[in-house]
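Input: a single structure, listed below in structure tokens.
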Amino acid sequence: MKSPSPRQVQIQTQTELKALFQQQHEYKRTAYPEWATYDGDHRFDDRLTDLSHEAAEVRCQKNQQFLAQLQALDHSLLEPADLRNARLFAYMLDLDIRHHQLGLHLMDIDQQEGMHLKFPQLVEIQPLKTFPDYQQYFRRLQGFSKQVEDTIANLKLGISRQLLLPQQVVLESLKQMAELASCPLEQMPLFQPVLQNPGLSQELYQRVQELAQQTITERIQPAYQQLHDFVKASYLPACPVTVGLKALPNGEEIYAYWVERHTLPALDPKDIHALGLREVARLHQAVEPLRQQLGLPEDWQAMLNHLRSTPDYYYSDSADMMQDYQQMFDTSQGVLLDLFHSLPRTDCILKEMEPWRAAAAPQAYYYPPPQDLSRPGIYYVNTYDLPARPKYSMMALTLHEALPGHHLQLATALETPDLPDFRYHLEATAFVEGWALYAEALGHELGLYTDPLQALGALSLELWRACRLVVDTGLHALDWDRDQAIAYFREHTLQSETDIQSEIDRYLALPGQALAYKMGEQKILGWRQAAIAQQGKDFELKDFHEVLLRSGSLPLAELEQEMHDWLQA
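Quick note on numbering that gives the first Met the number 0: the sequence shown kicks off at 0 and runs consecutively.
Written out as structure tokens, the structure reads:
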């Protein structure tokens, strides 16, 4: 038999690589059916993810098999684009494998992304137009009691391994569980689609109401109560009063994992801490001319007290706030072509955050569209505790979360053609959040900060992200306690007390994630400065943005290579 030619061998290798990508993507959709629904794949709309430790073990083993298959291919035969995809595929699998090996799936009840919060978010993704749609929805809801039982078993295993959340985080989660266990049916998030009265006949609509009431009151709320009671009686007493990861036996290793995942490999938390201190000092100096322009008190604490206590800087009605947010959103959208060659085709819409998650949530956040682009991106804003939501930071928040921040970057990434499926979901926190922080600064070039107070608001948000470098590393690597972290924020930021408390508890629940903003922004600014220095008067900001965005969401190390190659070319 004639041996295959080198070209045939190369084509076969490339084909096997793409088949491996597709095999893993299909497996992930079956293993995480809610994610498949979110992504526009509705084959599994009646299922929930198996949260048991045994299922997590199987998923980890499967990832190890995918990685072994990847490593068995001859990478010397791959084209540059395929070689990059292979590197990124290995990166993604490695993160998932290490996440499981560190036991991080045994701590899934934090107040930011815990399983008890992810579950009600089904209402955002579940298609509910026909009676069969609702039947699938109710079958899916009925699986929640097993998820709770599996979570309790995982928490017990976490206790035995001393993999525990700090008590402060658990106390916040308990409040959320209690509210979901006892809230009236009409206020239950999972009942909201029923209240919208779908286009069903009266008989079918009545049946939907009955099934929803029965499922929520007899299955879901008792499961929430079961979880709450176990966490309060058994899990909370076992949790450490100390707050940082250093309280755990392998806490240093866990924090190193999160730092790498959200920034770059091999970074020393002490170096990040020092960078944060330098940035905080620099930004404090930048505040001074704006303070003088606005006639604010010279003393920092007096200025803070003035900003926090002046009623004109805050709303008394959430409808007024939402109206102004919409106006800022529309204004920013109207000027983007000044700095970008093109904009994403996918829409972004503004929504008010739901009450059941607003108390522990940040000021705003973004919910991206699915891979099939069947839904718009959603820019959520928090109207809880209006006296803690200053007007002067709203434009910068809009630029960060919507346009030209998260929506422009993430929707553009989803519209990037000819990528393997996994690339549309690749985690790249430092670039995603770094870009959004960089987008806030573009407000100056777009002429969107129309007065010194808005400019101060933008500066206050950058100062907030710089303080994150100090506080996150302080809590998890330098033995800071919660009171010390809160005191640092009070002294150095313009954030409200509500935001400060929420922020600190966020760092406890999501270690390392808060580092991504400044670390990513610093890289982007460095690349921009290098391009200006190299290209001089030929530098075109639109071109720079095009290069940054053209390859989708990339981990910072991979994007660094991309920008290096562009500068060399």
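Heads up, the beta-carbon is just placed ideally off N, CA and C, and yes, glycines get one too.
Keep in mind it's a predicted model, so treat the numbers as computed, not measured.
Return the chain-ordered list of same chain residues with a C-beta closer than 7 Å to the C-beta of L274, the five sequence neighbours on each side being excluded.
-> Closer than 7 Å at the Cβ level, and outside the excluded window around L274, lie L468.
Report the rounded CA-to-CA distance for I151 versus G39, giving the unit in angstroms.
-> About 30 Å.
Distance, L342 Cα to F328 Cα = Straight-line Cα distance between these residues: approximately 15 Å.
Between the CA atoms of Q483 and Q167 - distance to the nearest angstrom = As the crow flies, the alpha-carbon of Q167 is around 14 Å from that of Q483.
Measure the Cβ-Cβ separation of L398 and L349 and say whether it is below 8 Å.
-> Contact flag unset, no.
Residues that DSSP places opposite L349 in a beta bridge | Y378.
Assigned secondary structure, A363 (DSSP; H/G/I helix, E/B strand, else coil) = Taken through DSSP and simplified to helix, strand or coil, A363 comes out as strand.
Beta-carbon proximity of L50 to M114, cut-off 8 Å = Contact annotation: L50 and M114 have beta-carbon atoms nearer than 8 Å.
Which residue's Cα is closest to the Cα of M320: G333, D420, L203, D384?
-> If we check each option's Cα against that of M320, D384 comes out closest.
Could you work out which residue in L514, G519, R527, W565 is closest to Y254 when comparing CA atoms only?
-> Taking Y254 as reference, the option from L514, G519, R527, W565 with the minimal CA-CA separation is L514.
Please name the residue in L462, A363, Q325, Q9 whose C-alpha comes closest to that of S501.
-> By alpha-carbon distance to S501, the top candidate from L462, A363, Q325, Q9 is A363.
Assign E557 to one of three DSSP states: helix, strand, or coil.
-> DSSP, reduced to helix, strand and coil, places E557 within a helical segment of the structure shown.
Does DSSP put C182 in a helix, a strand or coil?
-> Coil.
What is the rounded straight-line gap between the Cα of S331 and the Cα of Y37?
-> Their Cα atoms are separated by approximately 28 Å.
Would you mind sorting R281 into buried or exposed? The rule is 16 or more other CB atoms within 10 Å of its CB.
-> The residue in question, R281, is exposed, as its Cβ has fewer than 16 Cβ neighbours within 10 Å.
Nearest CA to the CA of L154: which residue from V207, E217, Q11, M106?
-> Comparing Cα positions, the closest option is M106.
The stretch 116-126 contacting the stretch 209-216, beta-carbon criterion three pairs below 8 Å = Taking one beta carbon from each stretch, the stretch 116-126 and the stretch 209-216 have fewer than 3 pairs nearer than 8 Å; the two do not touch.
Assign I10 to buried or exposed, taking buried as 16 or more other Cβ atoms, counted over all protein chains shown, within 10 Å of its Cβ.
-> Per the 10 Å Cβ criterion, exposed.
Excluding sequence positions up to five away, which residues of its chain have a Cβ less than 8 Å from the Cβ of D394?
-> It should be pointed out that residue 394 corresponds to Met in this sequence rather than to Asp. Excluding sequence neighbours, M394 sits near M327, S331, G442, L447, Y448, Q453, G456, A457.
Expressed to the nearest angstrom, what Euclidean distance is found between the alpha-carbon atoms of V193 and Q208?
-> Each residue's alpha carbon lies about 6 Å from the other.
For Q7, is the classification buried or exposed, using 16 other Cβ atoms within 10 angstroms of its Cβ as the cut-off for buried?
-> Taking all protein chains in view, the Cβ of Q7 is surrounded by fewer than 16 other Cβ atoms within 10 Å, so the residue is classified as exposed.
Kindly list the residues whose CB is nearer than 6 Å to the CB of P510, restricted to its own chain and excluding five residues on each side of it in sequence; keep chain order.
-> If the five residues before and after P510 are omitted, its C-beta is found closer than 6 Å to the C-beta atoms of L244, Y254, W257, H475, all from its own chain and listed in chain order.
In this structure, does DSSP put H569 in helix, strand or coil?
-> With the chain covering 0 to 568 only, the question about residue 569 has no answer from this structure.
Going by CA-CA distance only, name the one from W434, S172, L87 that's closest to R464.
-> In terms of Cα proximity to R464, the closest of W434, S172, L87 is W434.
Could you name the residues of the same chain whose beta carbon sits closer than 7 Å to that of R307, not counting the 5 residues immediately before and after it, in chain order?
-> Counting only residues of its own chain and dropping the five nearest sequence neighbours on each side, R307 has a CB closer than 7 Å to the CB of S495.
Specify, as a first and last residue, the run of the alpha helix (DSSP H) that K245 falls within.
-> Counted as a single uninterrupted DSSP element, the stretch harbouring K245 is not any alpha helix (DSSP H), since DSSP gives it neither H nor E.
Check whether the Cβ atoms of T382 and S317 sit closer than 8 Å, and answer yes or no.
-> For T382 and S317, yes; Cβs fall inside 8 Å.
Are L121 and E33 touching if we call contact CB-CB under 8 Å?
-> It is a contact, given that the beta carbons lie within the stated cut-off.
Should the stretch 81-95 be regarded as contacting the stretch 59-66, the criterion being three or more beta carbon pairs within less than 8 Å?
-> Judged by pairs of C-beta atoms under 8 Å, the stretch 81-95 touches the stretch 59-66, as three or more such pairs exist.
Three-state class that DSSP yields for R42 in the structure shown = Correct three-state label for R42: coil.
Can you tell me whether DSSP reads W479 as helix, strand or coil?
-> Of the three classes helix, strand and coil, the one that applies to W479 here is coil, per DSSP.
Completely contained alpha helix (DSSP H) runs for the stretch 293-318, where each covers 4 or more residues = The alpha helix (DSSP H) runs lying completely inside the stretch 293-318 and spanning 4 residues or more are 299-308, given in chain order.
Hey, could you find the ends of the alpha helix (DSSP H) F130 is sitting in?
-> Note, F130: alpha helix (DSSP H), 130-140.
Could you check which residue in W565, Q22, P131, L507 has the C-alpha nearest to that of L247?
-> For L247, the nearest C-alpha among the options comes from L507.
Do L335 and L402 come within 8 Å of each other at the CB atom, strictly closer than that value?
-> Taking 8 Å as the Cβ cut-off, L402 and L335 qualify as a contacting pair.
Contact check, Y391 vs Y487, beta carbons under 8 Å = Using a Cβ distance threshold of 8 Å, Y391 and Y487 do not count as a contacting pair.
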